[in-house]
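For the sequence shown, my numbering assigns the number 5 to the initial residue and increments by one for each residue that follows.
Notes follow once the structure below has been shown.
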Amino acid sequence: MNQSRRDFLRTSGAVGLGFMGLYNFVSCSSATNTRSTRISSDTGYGSLIKDPQGILNLPPGFSYQIISKQGQLMSDGLLIPGKADGMATFPLDNNRLILIRNHEIVPTDLSESPFGVNNELLSKLSRDLLYDYGRVKPPDWEAQPL
């Protein structure tokens, strides 16, 4: 059977929801073991404190620091792209870490590209350094089923 990505995602979502329902059914099956009696009122890190900058609300004792913003120039001469969706650090040596971030970049959305709104910075890199340079023309995103 040939299954499209859309069918796969729909089926996976239904299975996941089914398991969530099963968990709730099993965990609340006993009258003495309801969700409200199992969850302690002191779980978690406490209530969130509203951030005056409106960026990130955190519990008491937590803080954040902005290390970069979309569009800022990086040390390699490219721009920090938008839509960051994952980040991790790895030890480089005894004194340094390397920070790796993933970005959900869409080739047709040049406003958040590391290469500038007209791809003017793309020439700074060799094609050999790019994982998937793509075709001569942008992919036809509309023709690909989800």
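No residue lacks a Cβ here, since even glycine has one placed at the ideal position from N, Cα and C.
Small disclaimer: the values here were computed from a predicted structure and weren't measured.
Candidates I104, K87, L83, Y49: closest to V110 by CA position: For this step, residue 110 is matched to residue 106 along the sequence shown. Nearest C-alpha to V110: K87.
N3 versus G48: straight-line alpha-carbon distance, rounded: There is no way to answer for residue 3, as the model of the chain reaches only from 5 to 150.
Local conformation of M78 per DSSP, three classes: Position 74 of the sequence shown, counted from the start, is the residue given in the question as residue 78. M78 falls in the coil class under three-state DSSP.
Beta-bridge pairing of L103 - partner residues as DSSP gives them: Position 99 of the sequence shown, counted from the first residue, corresponds to residue 103. When DSSP reads this structure, L103 sits in a beta bridge with T93.
For L13, three-class secondary structure by DSSP: Numbered from its first residue, the sequence shown carries residue 13 at position 9. DSSP, reduced to helix, strand and coil, places L13 within a helical segment of the structure shown.
Simplified DSSP state of L52, which is helix, strand or coil: Numbered from its first residue, the sequence shown carries residue 52 at position 48. Note: L52 maps to coil in three-state DSSP.
Burial state of S117 (16 or more Cβ within 10 Å): Within the sequence shown, residue 117 is the residue found at index 113, counting from 1. Classified as buried, S117 has 16 or more neighbouring CB atoms from the shown chains inside 10 Å of its CB.
Inter-residue Cα distance where the pair is S51 and Q57: Here residue 51 refers to the residue found at position 47 when the sequence shown is read from its first residue. Here residue 57 refers to the residue found at position 53 when the sequence shown is read from its first residue. S51 and Q57: Cα-Cα distance of roughly 18 Å.
Nearest-angstrom beta carbon gap, I104 and F94 [assumed within contact, 8 Å]: Position 90 of the sequence shown, counted from the start, is the residue given in the question as residue 94. Position 100 of the sequence shown, counted from the start, is the residue given in the question as residue 104. Confirmed, Cβ separation roughly 7 Å.
Straight-line gap, G17 to R10 (C-alpha atoms, nearest Å): The residue you call residue 17 lines up with position 13 of the sequence shown. The residue you call residue 10 lines up with position 6 of the sequence shown. If you take the alpha carbons of G17 and R10, they lie about 11 Å apart.
As assigned by DSSP and simplified to three states, the class of R131: Numbered from 1 along the sequence shown, position 127 holds the residue referred to as residue 131. Three-state DSSP puts R131 in a helix.
For L77 and Y68, believed in contact at Cβ under 8 Å, the rounded distance: As a working note, residue 68 is residue 64 in the sequence shown. As a working note, residue 77 is residue 73 in the sequence shown. Incorrect: roughly 22 Å between the Cβ atoms, too far for contact.
Among G90, D136, G81, nearest to S127 - alpha-carbon criterion: By one-based count along the sequence shown, residue 127 stands at place 123. Selected option, being the one with the closest Cα: G81.
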